[in-house]
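Counting with numbering that gives the first Met the number 0, you get residues 0 to 130 for the letters of the sequence shown.
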Amino acid sequence: MFNHVMLGSNDIERARTFYDAVLGVLGCGEPIRNVAGTGHVRYFYRHAGSTFCLTEPIDGAPATVANGATLGFKCDSAEQLLAFHDVAVAHGGQSIEGAPGLRPDSGVHLAYVRDPDGHKLCALYREKAPK
C-alpha cells in the first residue's frame, strides 16, 4: 500500500547521522542525497522494497511532530529490536513508553523512542506462533 514515508527535520545532518545508525541496525545502507530545485536537502533510504525519506521542510517553516503518529519498523529478532532501541538512544533519541521487550501475553516485543526531532518511532518483533 505505501510507497514511502517522509519525515521533516530541523537539522537534516543530525537526522541523517541518527537514521544512518538506527536504520543500519535493520540492514539499510547509506541514503541517496537529493537537493531539490528549491535548495532543500532530502535523504532517501531504500531497503527491502520500502523507502524512508528525510527532508528539510519545503515551505521553509519549522518541521513539527505529528501528534498521535508513530512510525513502526519491523525487526527480525528480539535482539535486533533491542539493538535498534539502544543505537537510537546512543545517537540522541529518547526512550519512551517503558523498557523495550516482550509485552505480556502477546508474543510481541516493542521498543519506542523519539528521534532527535521528536518523531515517535516503534521497533516491533512478533514471535512466530507455535505450530
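Beta carbons are placed, not taken as given, at the ideal position from N, Cα and C, and that holds for glycine.
At the C-beta level, CYS121 and THR63 stay beyond 7 Å of one another.
Across the set HIS46, TYR111, CYS52, the C-alpha of HIS46 shows the shortest separation from the C-alpha of GLY28. Note that the segment 5-17 touches the segment 45-59; at least 3 beta-carbon pairs, one per stretch, sit closer than 8 Å. Under DSSP, the beta-bridge partners assigned to LYS119 are ARG113. Counted as a single uninterrupted DSSP element, the alpha helix (DSSP H) harbouring THR16 occupies residues 11-24. For VAL34, the number of other beta carbons within 10 angstroms of its own is below 16, and it is reported as exposed. Excluding five sequence positions before and after GLY100, the CB atoms of its chain that fall closer than 7 Å to its own CB belong to HIS108, given in chain order.
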